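What follows is one structure encoded as structure tokens, with my remarks underneath.
Residue numbers (the numbering used here): 52 to 266.
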């Protein structure tokens, strides 16, 4: 992705990981949209979040993920572009792709036109995780799940503001610039991909299995 697009991703959204763990030893990631008029916000968000996780693979250790999504500035024009297919893909990534286990997802400051999207999103998740997706109507509701010790000052917490944390993450990302540039050049060599074998899901064994009649 071009440098100007990377910059746009950082400027349009704040994706910050709180430096302290929750009491349950989970890592809180705060997703805060600053300028959601761009129709490519989902792609930018995915790119920015991918870079954050690339760094964390090397430097972080936790029991799993807790997401806090601040929807105050998310416009209707963006929500209207979120398709069921996109929601299904996000659910797939959360449950089966990320190496970090998703513990819960919290939405706050959600406009009324976003409630249906959140409800639809939950239908693509396994029940265990779907039951841990919350849309909070107030800060008090959020505090029932997350203590002030791990929340940014934007939400009355004791951590730095999202803007301050984002600046720290920008500096960290520049430290990994060479790695990100290398990742952009990687391609899949399809000729080397192993072919699917017969019965490859049968007790972990490969090959042809025939019925054996016994007396």
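Note that CB positions come from ideal geometry on N, CA and C, so glycine has one too. Because the structure is a prediction, the values reported are computed rather than measured.
Listed in chain order, the beta strand (DSSP E) elements of length 3 or more contained wholly in the region 125-171 are 153-159. Separation of residue 235 and residue 244 (C-alpha to C-alpha, rounded to the nearest whole angstrom) is 20 Å. DSSP places residue 213 inside the alpha helix (DSSP H), whose first and last residues are 213-226. Contact between the region 167-184 and the region 134-143 is present: three or more C-beta pairs spanning the two stretches fall below 8 Å. Residue environment: residue 239 is assigned as exposed (fewer than 16 neighbouring CB atoms within 10 Å of its CB, all protein chains considered).
Less than 8 Å divides the Cβ of residue 213 from the Cβ of residue 203. Taking every protein chain shown into account, the CB of residue 66 has 16 or more other CB atoms within 10 angstroms, so this residue is buried. Each residue's CA atom was taken as its position, placing residue 132 and residue 164 some 13 Å apart.
Counted as a single uninterrupted DSSP element, the beta strand (DSSP E) harbouring residue 121 occupies residues 116-121.
The C-beta separation of residue 69 from residue 201 comes to about 5 Å, placing the pair in contact by the 8 Å criterion. Cβ-Cβ distances below 8 Å link residue 75 to 114 and 154 in the same chain, with the five nearest sequence neighbours on each side left out; the list follows chain order. For residue 76, there is no enclosing beta strand (DSSP E), as DSSP gives it neither H nor E.
Cβ contact annotation for residue 168 (same chain, cutoff 7 Å, sequence separation greater than five): 130 and 133, in chain order. The C-beta distance from residue 157 to residue 193 rounds to 6 Å, short enough to fall under 8 Å.
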